[in-house]
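K.L.:
This is the structure I have questions about; it appears just below.
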Amino acid sequence: MSVRNLLRLAPACIALLLSGCLDHPVKGVDYDKLTSGDQSFPIAVNKDVDILFVIDNSGSMAEEQALLSANFAAFIDVLEAPDVKANYRIGVTTTDSGSPRCPAATYKPEGGKLVLSSCVDRAAQGEFTFNDADFSYACDDFCTKADADVKVRPTAIAEEKDEKPRHWLESIEGQTNVEGFDSMVEAFQCYGPQGVAGCGFESHLESMYLALAAAADRDSATNYGFVRDSAILSLVVISDETDCSYNPATKEIFTSNKVFWNDPETDPAPSSALCWNAGVKCEGAGPTYTSCAAENYDVTGAPGAADADAVLRPLQRYVDFVQKLEDQKKELDTAQEVLVSMIAGVPKGYETGTPLVYEDSDDPDFQANFGIGPGCILPNQDPKLADQTAVPPVREREFAEAFEVDGAKNLYSICQPDYRGALDSIAQRIRDQIKPACMPNCVLDTDRSTEVLDPDCRLEEVKISDNSKTEIPECEEVKGVWTAPGGASVCFAQLVDQDKTQTLSELDNMSDECIEQGFNLEFFLVRSGPAPSGTAVTATCQLSDNKAVDCPLL
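Heads up, the sequence shown is in numbering that gives the first Met the number 0, so the first residue is 0 and it goes up one at a time.
In structure tokens:
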């Protein structure tokens, strides 16, 4: 008997509202109340992950960009692990959103635009040259392929029907959007390095803001559609300096108003100390401070300014913006969090408790350049070369702390010779958000003569605006993979093998998480492209009337 005919006989069914890939167990469900009747509840597409990298492209960042490329496999390996297989997008922008001290004609600020071009071509254009020194090793050591050697394959987004090349890397159901690379690690090693020719007044937070805002802007040729409504969102900032996201209405602090300059009387131009002086207030007499926090200053240098009058964009602008994105995602999955991580000027081991000390530098040049001493130092093994240093974060640290998950610190030191631990930890946080789609109740076994569960379920794609429904076909197992029948764009599989030996196939093995929670059915969705915008998925299953027997752990 077909699934459709079986459903006509079902005396007790439940409707499970799912958005997209059915990849997350429902939280806070009272299972005893879900024994009969139709009930619906949301669940997110937690196999989809959108990752935005904001990479400092100022003159001191060559070594750090090289380390990012050298260790990036630690990040991708987690996303592509057999028990994860995330459908991920990776977008890259820079910390350069312009400054009155960085003429756009010379510096060409990205302003949050996503960059997807080979660093080989950009190195040839001088983007890896700073103060007449060549830092192209940050690209050449890991990438040998120019744009002409590879191809960005046209792909679709939920908001548009037409396929076209996008300005981000993506891997959907194992299908990548780039051809000519041996792996996505190699692809990132070519597209990730952003050079050292960017503005030295870095705007980490504004660049992030502009990148995310443009993802919802139909007029953005580079970013539109990058952020998916129900995908996990991960933001990663990599920089060795402090945030200098300035208020355009008070841009004279870079030119005629010298109140925040290191030495207003003698300095011919502001140093990066302006960014510290204009956005941070420290407690204590110094040279070691008890604490440092973000502060709103007005054009006279007075603290406590209203947000509209602050010379640097108020921190709350960025917290509120990302919190709104998180709230929208929580409407689909109350457990979903926007993940914020930074590789910045904190000491090694900061994430496990090593304190960040704010103190003035005993090097007068460093103090004059940055307004504070380094937050971390990595001694250079060559005594002829300067140590690797980074300015301690404050504004960006407080932003990251606003999105900590379960109190776990999400800042990692940029002053270390190996980023594998940091990148693995950032990816593991993403992995923790990717959950299997356990059916959140005990499903009836319609044929007890077989060893495994024979469920009676139907899945439909629902258009939220008018509640119209389209039935989703079951997947077929073809040569060891779930495959949509008849060229369908989406199909669903039912995973029922609880001890992973009840059937010959491994495809129907249930995840350990669903089994440990006592569920007897897990869903798996396969799509050939993105889920249609404004849709969800409903699953209707006949439920067991004897949970004590069919789901004793539940």
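We put the beta carbon where it would ideally sit given N, CA and C, even for glycine. Every value quoted in this text rests on a predicted model; they were computed, and no experiment measured them.
#1: Short check: CB of residue 413 to CB of residue 471, under 9 Å?
#2: Work out the CA separation of residue 47 and residue 106 for me, nearest whole Å.
#3: With a threshold of 7 Å on Cβ separation, who are the neighbours of residue 401 within its own chain once the five nearest residues in sequence on each side are excluded?
#4: Taking the alpha-carbon of residue 378 as reference, which of 434, 504, 366, 347 has the nearest alpha-carbon?
#5: Can you list, in chain order, the residues of its chain with a C-beta nearer than 7 Å to that of residue 254? Leave out the 5 residues immediately preceding and following it.
#6: Relative to the C-alpha of residue 491, which residue among 388, 524, 357, 295 is closest?
#7: Starting from residue 211, follow the alpha helix (DSSP H) in both directions and report where the run begins and ends.
#8: Name the residue from 75, 301, 112, 165 whose alpha carbon lies nearest to the alpha carbon of residue 94.
#9: Check whether the Cβ atoms of residue 56 and residue 64 sit closer than 9 Å, and answer yes or no.
#10: Just to confirm, are residue 291 and residue 242 a CB contact at a threshold of 9 Å?
#11: Is residue 381 buried or exposed, if buried means 16 or more other CB atoms sit within 10 Å of its CB?
#12: Would you decide whether residue 442 is buried or exposed? Buried here means 16 or more other CB atoms lie within 10 Å of its CB.
#13: Tell me whether the segment 125–144 and the segment 183–196 touch, counting them as touching only if at least three CB pairs, one residue from each stretch, are closer than 8 Å.
#14: Which residues in the same chain as residue 358 place their Cβ atom closer than 6 Å to its Cβ, once the five residues preceding and following it in sequence are excluded?
#15: So the beta strand (DSSP E) residue 419 belongs to, where does it begin and stop?
#16: Using the C-alpha atoms, what's the distance from residue 184 back to residue 75?
#17: Who does residue 437 pair with in a DSSP beta bridge?
#18: Going by DSSP, what residues sit across from residue 442 in a beta bridge?
#19: Using three-state DSSP, classify residue 456 as helix, strand or coil.
#20: Mapping the DSSP letters down to three states, classify residue 271 as helix, strand or coil.
#21: Measuring CB to CB, does residue 530 end up less than 9 Å from residue 458?
#22: Residue 409 and residue 350: beta carbons closer than 9 Å?
#23: Roughly how many angstroms lie between the CA atoms of residue 271 and residue 199, to the nearest whole one?
#24: Sorted by chain position, which residues of the same chain lie with C-beta nearer than 7 Å to residue 498's C-beta, five sequence neighbours on each side aside?
#25: If you run the structure through DSSP and keep just helix, strand and coil, what is residue 250?
#26: Which one or two residues does DSSP pair with residue 492 in a beta bridge?
#27: Rounded to whole angstroms, what is the Cα-Cα separation between residue 59 and residue 485?
#28: Less than 9 Å between the beta carbons of residue 387 and residue 62, yes or no?
#29: Please list the terminal residues of the continuous beta strand (DSSP E) segment that includes residue 183.
#30: In the DSSP assignment, what are the bridge partners of residue 563?
#31: Rounded to a whole number of angstroms, what is the C-alpha to C-alpha distance between residue 511 and residue 238?
#32: Taking residue 263 as the reference, give the member of 248, 300, 289 with the closest Cα.
#33: Cβ atoms of residue 211 and residue 321: under 9 Å apart, would you say?
#34: Tell me where the alpha helix (DSSP H) around residue 395 begins and ends.
#35: Could you check the C-alpha separation between residue 374 and residue 278 for me, to the nearest Å?
#36: Thinking C-beta only, is residue 180 closer than 9 Å to residue 49?
P.N.:
Looking at the coordinates:
#1: Numbered from 1 along the sequence shown, position 414 holds the residue referred to as residue 413. Numbered from 1 along the sequence shown, position 472 holds the residue referred to as residue 471. Contact: no.
#2: In the sequence shown, residue 106 corresponds to position 107, counting from 1. In the sequence shown, residue 47 corresponds to position 48, counting from 1. Straight-line Cα distance between these residues: approximately 34 Å.
#3: Sequence index remark: in the sequence shown, residue 401 carries index 402 (1-based). Closer than 7 Å at Cβ, skipping near neighbours: 318.
#4: Here residue 378 refers to the residue found at position 379 when the sequence shown is read from its first residue. Minimum Cα distance to residue 378 is reached at 347.
#5: The count along the sequence shown starts at 1 and reaches residue 254 at position 255. Closer than 7 Å at Cβ, skipping near neighbours: 99.
#6: Position 492 of the sequence shown, counted from the first residue, corresponds to residue 491. When only C-alpha atoms are compared, the closest one is 524.
#7: By 1-based counting over the sequence shown, the position of residue 211 is 212. That run of the alpha helix (DSSP H) goes 203–213.
#8: For the purposes of this step, residue 94 is taken as residue 95 along the sequence shown, with counting starting at 1. Nearest option by C-alpha distance: 112.
#9: Stepping through the sequence shown from its first residue, residue 56 is reached at position 57. Stepping through the sequence shown from its first residue, residue 64 is reached at position 65. Contact flag set, yes.
#10: Sequence index remark: in the sequence shown, residue 291 carries index 292 (1-based). Sequence index remark: in the sequence shown, residue 242 carries index 243 (1-based). In this structure, residue 242 does not lie closer than 9 Å to residue 291 by Cβ.
#11: One-based indexing of the sequence shown puts residue 381 at position 382. By the neighbour-count rule (16 or more Cβ atoms within 10 Å), residue 381 is not buried but exposed.
#12: Here residue 442 refers to the residue found at position 443 when the sequence shown is read from its first residue. Per the 10 Å Cβ criterion, buried.
#13: yes
#14: Numbered from 1 along the sequence shown, position 359 holds the residue referred to as residue 358. Excluding residues within five positions, the ones whose Cβ falls inside 6 Å are 286, 287, 372.
#15: Position 420 of the sequence shown holds residue 419. Note, residue 419: premise wrong, no beta strand (DSSP E); alpha helix (DSSP H) at 419–432.
#16: Position 76 of the sequence shown, counted from the first residue, corresponds to residue 75. Position 185 of the sequence shown, counted from the first residue, corresponds to residue 184. Approximately 7 Å between the Cα atoms of the pair.
#17: Along the sequence shown, one-based indexing puts residue 437 at 438. Beta-bridge pairing links residue 437 to 521.
#18: Taking the first residue of the sequence shown as position 1, residue 442 is located at position 443. Answer is 542, bridged to residue 442.
#19: By one-based count along the sequence shown, residue 456 stands at place 457. DSSP places residue 456 in strand when its eight states are reduced to three.
#20: One-based indexing of the sequence shown puts residue 271 at position 272. Coil at residue 271, not helix or strand.
#21: As a first step, residue 530 is located in the sequence shown; it is residue number 531 there, counting from the start. As a first step, residue 458 is located in the sequence shown; it is residue number 459 there, counting from the start. The answer is no: Cβ separation not under 9 Å.
#22: The count along the sequence shown starts at 1 and reaches residue 409 at position 410. The count along the sequence shown starts at 1 and reaches residue 350 at position 351. The answer is yes: Cβ separation under 9 Å.
#23: Numbered from 1 along the sequence shown, position 272 holds the residue referred to as residue 271. Numbered from 1 along the sequence shown, position 200 holds the residue referred to as residue 199. Between residue 271 and residue 199, the C-alpha separation is close to 7 Å.
#24: The sequence position of residue 498 within the sequence shown is 499, counting from 1. Taken in chain order, the list of residues that qualify is empty.
#25: For this step, residue 250 is matched to residue 251 along the sequence shown. Three-state result, residue 250: helix.
#26: To locate residue 492, count along the sequence shown from 1; it is residue 493. For residue 492, which the question treats as bridged, DSSP gives the partners 523.
#27: As a working mapping, residue 59 is identified with position 60 in the sequence shown. As a working mapping, residue 485 is identified with position 486 in the sequence shown. The alpha-carbon atoms of residue 59 and residue 485 are separated by roughly 55 Å.
#28: Taking the sequence shown and counting its residues from 1, one reaches residue 387 at position 388. Taking the sequence shown and counting its residues from 1, one reaches residue 62 at position 63. Contact: yes.
#29: For this step, residue 183 is matched to residue 184 along the sequence shown. Where residue 183 is concerned, there is no enclosing beta strand (DSSP E), although the alpha helix (DSSP H) it sits in stretches over 183–190.
#30: This structure does not reach residue 563, given that the chain is present from 0 up to 553, and the question cannot be answered.
#31: Translated into the one-based positions of the sequence shown, residue 511 becomes position 512. Translated into the one-based positions of the sequence shown, residue 238 becomes position 239. For residue 511 and residue 238, the distance between alpha carbons rounds to 38 Å.
#32: In the sequence shown, counting from the first residue as 1, residue 263 sits at position 264. The shortest Cα separation from residue 263 among 248, 300, 289 belongs to 300.
#33: In the sequence shown, residue 321 corresponds to position 322, counting from 1. In the sequence shown, residue 211 corresponds to position 212, counting from 1. Yes, Cβ-Cβ distance for residue 321 and residue 211 is below 9 Å.
#34: Translated into positions along the sequence shown, residue 395 becomes position 396. Run containing residue 395: 394–400, per the alpha helix (DSSP H) assignment.
#35: If you number the sequence shown from 1, residue 374 lands on position 375. If you number the sequence shown from 1, residue 278 lands on position 279. If you take the alpha carbons of residue 374 and residue 278, they lie about 16 Å apart.
#36: The count along the sequence shown starts at 1 and reaches residue 49 at position 50. The count along the sequence shown starts at 1 and reaches residue 180 at position 181. Cβ atoms of residue 49 and residue 180: not closer than 9 Å.
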